[in-house]
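Novice:
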Amino acid sequence: MAKCIIRLDDIAPNMHWENYKKIKYILLQYNILPIIGVIPDNQDESLKKYPNCENDFWEEIQGVQSKGWSIAIHGYQHKYDTDSKGILGINPRSEFAGHSYGTQLKKIRSAIKIFQNNKIFADAFMAPSHSFDEITLKVLSENNVCCVTDGYGLFPYKKNGILFVPQLFAKPRKLPYGVFTFCLHLNTMDENDLTRLEQFIVKNKQDIIPFSQAKHFVSDKLMNNLSIILLEHILKFARAMKKFLKFL
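The opening residue of the sequence shown carries number 124 in our numbering; numbering runs sequentially from there.
Okay, structure coming up:
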């Protein structure tokens with residue numbers, strides 16, 4: 124048994140709006156409910172190069188939330204100001220990991236305030252570059268953000284009161300077992316990526332679930348605990364090899 128969740132990253136006023144519209148059309152056509160990572164106050168210059176929203180951005184987010192899409196707090200300003208890899212050890216840059224409790228608290232509360240002012244509800248967190256630490260989790264828990272769309276493992280699991288829903292792959296693929304999140308960066312997708320996404324949805328629609336259903340698959344069994352450790356080492360090794368081969 125395998126289930127998957129579709130996740131869209133870097134949703135902000137400046138993004139590849141043509142890709143967003145195409146992906147939105149596909150998802151609505153097949154009644155797929157993704158989780159989208161919305162940047163509360165985008166100050167990332169690398170993202171600001173994309174076209175600005177022609178209409179009211181927050182009305183768009185309100186609209187898809189009313190259709191059942193889950194919203195995740197994708198950082199605060201999406202600006203990297205430490206070189207910490209955080210708990211997952213994936214990327215040496217972070218908006219959160221490595222900062223003090225006070226700094227992280229201010230960022231999370233500022234992000235939540237922006238969402239509240241724009242009538243957006245979010246109890247999930249999506250760290251920019253997958254980088255967060257134990258302090259981040261403490262701050263999230265204290266501010267009623269109870270889910271993190273990230274982590275290793277075959278199934279969702281709970282740690283210190285936080286629900287982690289594993290996010291292992293950047294592209295949709297058929298897997299034999301587990302519950303996984305596929306992370307799509309719409310800003311860098313081309314027509315072939317969009318075609319493959321639709322083909323995957325057509326073939327696997329019955330196995331694509333909303334993020335809100337992930338809690339029904341929580342597992343604290345020994346096998347899942349071991350898979351968290353095993354997958355972490357496997358994926359870190361694979362990423363290291365990929366970088367090494369590029370260097371060659």
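A virtual CB, placed ideally from N, CA and C, is assigned to each residue, including glycine. Owing to the predicted nature of the structure, the values given are computational and were not obtained by experimental measurement.
Within the stretch 184-268, note down every full alpha helix (DSSP H) run reaching 4 residues or more, in order along the chain.
Specialist: The qualifying runs are 224-240 and 257-265.
Novice: Drop a sphere of 10 angstroms on the beta-carbon of His-339, count the other beta-carbons inside from all chains shown, and report buried for 16 or more, exposed for fewer.
Specialist: Exposed, because fewer than 16 other Cβ atoms sit within 10 Å of the Cβ of His-339.
Novice: Are there 16 or more other CB atoms within 10 angstroms of the CB of Phe-244, so buried, or fewer, so exposed?
Specialist: With fewer than 16 other Cβ atoms within 10 Å, it is exposed.
Novice: Which term fits Gln-239, buried or exposed, when burial requires 16 or more other beta carbons within 10 angstroms of its beta carbon?
Specialist: Under this definition Gln-239 is an exposed residue.
Novice: On the premise that Val-271 lies in contact with Phe-378, defined as a C-beta separation below 8 angstroms, what is that separation, rounded to the nearest angstrom?
Specialist: Within the shown structure, residues of the chain are numbered from 124 to 371, placing residue 378 beyond reach of any answer.
Novice: Determine the extent of the alpha helix (DSSP H) in which Phe-323 is found, giving its start and end residues.
Specialist: It spans 314-327 - the alpha helix (DSSP H) in which Phe-323 sits, taken as one unbroken run.
Novice: How about Glu-376 and Asp-204: do their beta carbons lie closer than 8 angstroms?
Specialist: No answer is possible for residue 376: it lies beyond the span of the chain, which begins at 124 and ends at 371.
Novice: List the DSSP bridge partners of Cys-176.
Specialist: According to DSSP, Cys-176 bridges with nothing at all.
Novice: Tell me which residues share the same chain as Leu-317 and place their Cβ nearer than 8 angstroms to its Cβ, disregarding the 5 neighbours each side in the sequence.
Specialist: Contacts found: Asn-142, Lys-145, Ile-146 and Ile-149.
Novice: What residues in its chain sit with their C-beta under 7 angstroms from that of Arg-216, if we drop five residues either side in the sequence?
Specialist: Excluding residues within five positions, the ones whose Cβ falls inside 7 angstroms are Tyr-203, Asp-206, Ser-252 and Ser-254.
Novice: Just verifying my parser: in three-state terms, what is the DSSP assignment at Asp-330?
Specialist: Helix, per DSSP.
Novice: State the DSSP-derived secondary structure class of Phe-278, mapped to helix, strand or coil.
Specialist: Coil, per DSSP.
Novice: Report buried or exposed for Lys-126, applying the criterion of at least 16 other Cβ atoms within 10 angstroms of its Cβ.
Specialist: So Lys-126 ends up on the buried side.
Novice: If contacts are defined as beta-carbon pairs under 8 angstroms, then His-201 and Ile-134 qualify, I think. What distance do you get, rounded to the angstrom?
Specialist: Incorrect: roughly 11 angstroms between the Cβ atoms, too far for contact.
Novice: Going by the DSSP bridge assignment, what does Ile-285 pair with across the sheet?
Specialist: According to DSSP, Ile-285 bridges with Lys-282.
Novice: Which residues mark the beginning and the end of the beta strand (DSSP E) in which Ile-158 is found?
Specialist: Taken as a continuous stretch (DSSP letters only), the beta strand (DSSP E) holding Ile-158 covers 158-161.
Novice: What residues are listed by DSSP as bridge partners for Arg-130?
Specialist: Its beta-bridge partners are Ile-158 and Cys-306.
Novice: Rounding to the nearest angstrom, what Cα-Cα distance links Asn-175 and Asn-266 in this structure?
Specialist: In a straight line, the C-alpha of Asn-175 is about 31 angstroms away from that of Asn-266.
Novice: So, under 8 angstroms CB-CB, Phe-334 and Ser-193 are touching, yes? Tell me the CB distance rounded to an integer number of Å.
Specialist: With a Cβ gap of about 4 angstroms, Phe-334 and Ser-193 count as contacting.
Novice: Go to Gln-152, then tell me how far its alpha helix (DSSP H) extends in each direction, as first and last residue.
Specialist: From DSSP, the alpha helix (DSSP H) with Gln-152 extends over 140-152.
Novice: At what residues does the alpha helix (DSSP H) containing Leu-291 begin and finish?
Specialist: Careful: Leu-291 lies outside any alpha helix (DSSP H), inside the beta strand (DSSP E) at 290-292.
Novice: What's the call for Thr-259, buried or exposed, on a 16-neighbour Cβ count within 10 Å?
Specialist: Its Cβ being crowded by 16 or more others within 10 Å, Thr-259 is buried.
Novice: Would you call Pro-163 buried or exposed, if buried means 16 or more other Cβ atoms sit within 10 Å of its Cβ?
Specialist: Buried.
Novice: In or out: Tyr-153 buried (at least 16 other Cβ within 10 Å) or exposed?
Specialist: Exposed.
Novice: Tell me the rounded alpha-carbon separation between Ile-235 and Asn-241.
Specialist: Rounded to whole angstroms, Ile-235 to Asn-241 spans 10 angstroms at the Cα level.
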